[in-house]
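Asker: Could you have a look at this structure, given as structure tokens, before my questions?
Written as structure tokens, this is what we have:
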């Protein structure tokens, strides 16, 4: 039975600043420039959630994408949408919310929540000109 | 000689319903919800066809994408465009036309038709928010 | 107080065929070609709903787009999404579901439902390559 | 000499909350819901700036879009990009930064700055699903 | 009978340089910068062709968009696609191929060719960040 | 420390013709059709540059995408934007500028320029309907 990858795209709008609390303000400014602006800025993030596996012969699905959407909305989107990624999100507490750190943290939440379906890739778009990808390895 | 992957994007508009004829109507409704609606619904599908191989030193191409387009249009797009995926398509006869089953069936048609060029990936978008990918394994 | 136009984009997936029941099958085929295919085809429609008016000084809104979304989802999207536009939709009963006829019929439903907000334009995309616009005149 | 409209698309990423300081917190929450979240949220805004006029017979341009871009970047984008629209932007001071109020305020800045070129329309996308338009009237 | 506007989107890939042959090379460089590069550059242009009129009660169409596509492909796209806009296109002979001049020249070709259908707007995208619009007035 | 892939999207507008100077004009025409047009055509190319590696614990970045953008703009985009890919570009000298040959040549420029960051993928879009990908192997 061949493996197919299915992907669901979801969106959220959040505020953040790129800031490492272990560094001084001057070091943060030098390292992150305008992305460190103290009064925050924000993005329309797009998250693509991919699951890989064999096709279930009864449903014809690898996984019910409606269930994937429901789980990711409850576990991730509802935590970050219209929120501040530095201040409001339990699974990002203490983290510097770069796209890299966000995507790895989201993996830690989504992978167990959708098991036994196998999460195979997360792609997170911060703007139409940059995105990050993580496959759990 | 390095391997490069080249991709052509094609579109078709089709009706379908997600329906397993081996199940009862009640089971189909429970499993597929509104996607099982008996009077059909439809999509603007987008198919991305990828071929991988070394660059031909004479043409500078991995493969002539014009030939790929012609073959895929004749073998696949002309069979599904402005058609019903449950009723009208020989290579989907008897299948439940989920995106997963469609993409695997299209692989079976396209891979031999474009040989000796090597089909390496099919990506099928059902809506702007979900897509499936298959690499033949 | 200046007038501003605000627009909400919504999507639905539906089956249809372009068919005038007052004509013979041969006439329908001659007039509409593959769009008249008897087993239906379908589209991912995108509907843009625009309201024009002065900005409310208390809310800063012309209209609450969340309310526009709720009304259009209840009155229009829920009637057409995952449905057959020729068979299933009360406000299209007896109509030939071309994009032109659909957009005028939707105007007749949406304009009174969102009053006193003033509907100023509907734009309906049938595919990424064609769309229609109607302003009620 | 016919009139042509030319448009330049620019982007900025900003934080904001929809909040009327003349109302109580309870009233703001009731009116604006999650868009009133106190720790802010944010967007990738897209601004389309349109100028209308006759074609200059020497340049073949209605206006040099490079100059439009420079003026709008200096007068608007540099003020809002990676900023907080409630706290940081002189031309929005005291305003509730709904898209409607933002677009009217931007008109007040851009129209004189690009004169004698005639600003004819601003379109501001807050997300891929909603946008506002203003033509100065 | 209400008026509806229907639009067809078409694409072409062309080379050009922005250059006024009545000016010196130095004047052209000063005025047009890198867009005047003597060895040309190019774009994936997108042309949106809009027709406005009442809905034909027999067809349900304002105009058959398939006929619009055929006429515009024959009269315009076949003249400009994979061509040089300064050297190869009869309807642009002697013109400085700015987007403004191109769109007005295309109007002169398309409006009579699709009559009695009434051309109401041409929108020409030169890049994803700039476009021009012309309505024949 | 897990590996994450980060991607920056950049754009350039260039003229080219697909032409192998080792072949006769008749052979070039037979092989490449309208893409061989002697007066050139052009495209709005989009280049996606991907870097893979562990997340730096101080910055939270795999690599500063601002630095990636600066390097790729200086080494590649400034060489090709508003230029002729057959005539003007040192790193393409003598090459037939198919997308495949362009992407491999760009790899040769970008990979050393962004070291020690590890270039992992280049994706080059020639039109909205075709793109090539190369991972250096």
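Residue numbers (my numbering), protein chains in the order written: chain B, 948 to 1084; chain Z, 948 to 1084; chain V, 948 to 1084; chain A, 948 to 1084; chain U, 948 to 1084; chain Y, 948 to 1084. Every residue gets a Cβ at the ideal spot worked out from N, C-alpha and C, and that includes glycine.
(1) May I ask you to report which of helix, strand or coil DSSP gives residue 1006 of chain B?
(2) Quick check on the DSSP output: the alpha helix (DSSP H) that includes residue 972 of chain A runs from which residue to which?
(3) Quick one: give me the first and last residue of the beta strand (DSSP E) that residue 1001 of chain B is part of.
(4) Rounded to whole angstroms, what's the CA-CA distance from residue 1021 of chain U to residue 1053 of chain U? Just pull it up for me.
(5) Determine which residues share a DSSP beta bridge with residue 1054 of chain V and list them.
(6) Let me confirm a value: residue 1080 of chain A is counted as buried when at least 16 other C-beta atoms fall within 10 Å, else exposed. Which label applies?
(7) Output needed for residue 1082 of chain Z: all residues of its chain with C-beta closer than 7 Å, excluding positions within five of it in sequence on either side, in chain order.
(8) Would you list the residues sitting across from residue 962 of chain Z in a DSSP beta bridge?
(9) Could one say the Cβ of residue 1051 of chain Z lies closer than 8 Å to chain B's Cβ atoms, at least one of them?
(10) Whose CA, out of U/985, U/1001, U/959, lies closest to the CA of residue 953 of chain U?
(11) Counting only C-beta atoms, is residue 1080 of chain U closer than 8 Å to chain A at any point?
(12) Can you grab the Cα-Cα spacing for the pair residue 1094 of chain A / residue 1065 of chain Z, in whole Å?
(13) At least one CB of chain A closer than 8 Å to the CB of residue 1029 of chain B: is that the case?
(14) Cβ of residue 967 of chain A less than 8 Å from any chain B Cβ?
(15) Measure the CB-CB distance between residue 965 of chain B and residue 1007 of chain Y and report whether it falls below 8 Å.
(16) State the Cα-Cα distance for the pair residue 1051 of chain Y and residue 977 of chain B, rounded to the nearest angstrom.
(17) What does a CB cutoff of less than 8 Å around residue 1048 of chain V pick up in its chain, not counting 5 residues either side in sequence?
(18) Thinking C-beta only, is residue 1030 of chain Y closer than 8 Å to residue 961 of chain Y?
(19) Which class does residue 1011 of chain U belong to by DSSP, given the choice of helix, strand or coil?
(20) Looking at the strands, I want to know which residues DSSP matches up with residue 955 of chain V.
(21) Rounding to the nearest angstrom, what Cα-Cα distance links residue 1019 of chain U and residue 1027 of chain Z in this structure?
(22) In angstroms with no decimal places, state the Cα-to-Cα distance between residue 983 of chain U and residue 1046 of chain A.
(23) Run through chain U and tell me which residues come within less than 7 Å of residue 940 of chain V, C-beta to C-beta.
(24) Helix, strand or coil for residue 950 of chain Y? Go by DSSP, reduced to three states.
(25) If you reduce the DSSP assignment to three classes, tell me which class residue 1084 of chain Z lands in.
(26) Can you round the beta-carbon distance between residue 957 of chain B and residue 1057 of chain B to whole angstroms, since I take them to be within the 8 Å contact cut?
(27) Assuming residue 1084 of chain B and residue 950 of chain Y make a contact with CB atoms under 8 Å, what is their CB distance in whole Å?
(28) Residue 1054 of chain B CB to nearest chain A CB: under 8 Å?
(29) What residues in the segment 951-979 of chain B bring their beta carbon closer than 8 Å to a beta carbon of chain A?
(30) Given that residue 949 of chain U touches chain V, what residues does it touch there, using C-beta distances under 8 Å?
(31) Answer with buried or exposed for residue 1035 of chain A, where buried requires no fewer than 16 other C-beta atoms within 10 angstroms of its C-beta.
(32) Going by other Cβ atoms of all chains shown within 10 Å of its Cβ, with 16 needed for buried, is residue 996 of chain B buried or exposed?
(33) How would you list, in chain order, the residues of chain B whose beta-carbon sits under 8 Å from the beta-carbon of residue 1077 of chain Z?
(34) If you compare alpha carbons, which of U/991, U/981, U/1017 is closest to residue 955 of chain U?
(35) Buried or exposed for residue 974 of chain Z, going by 16 or more other Cβ atoms inside 10 Å?
Answerer: This is what the structure gives:
(1) coil
(2) 972-979
(3) 988-1001
(4) 12 Å
(5) Answer is none; residue 1054 of chain V lacks a bridge partner.
(6) buried
(7) 1067, 1068
(8) Z/989, Z/1031
(9) yes
(10) U/1001
(11) yes
(12) Missing from the structure shown is residue 1094 of chain A; chain A here goes from 948 to 1084 and no further.
(13) yes
(14) no
(15) yes
(16) 35 Å
(17) 1039, 1042
(18) yes
(19) coil
(20) V/996, A/1077
(21) 27 Å
(22) 38 Å
(23) Only positions 948 to 1084 of chain V appear in the structure, and residue 940 of chain V is not among them; the question remains open.
(24) strand
(25) coil
(26) Residue 957 of chain B to residue 1057 of chain B, Cβ: 11 Å. No contact.
(27) 6 Å
(28) no
(29) 958, 960, 961, 962, 963
(30) 1051, 1081, 1083, 1084
(31) buried
(32) buried
(33) 953, 954, 955, 956, 1012
(34) U/1017
(35) exposed
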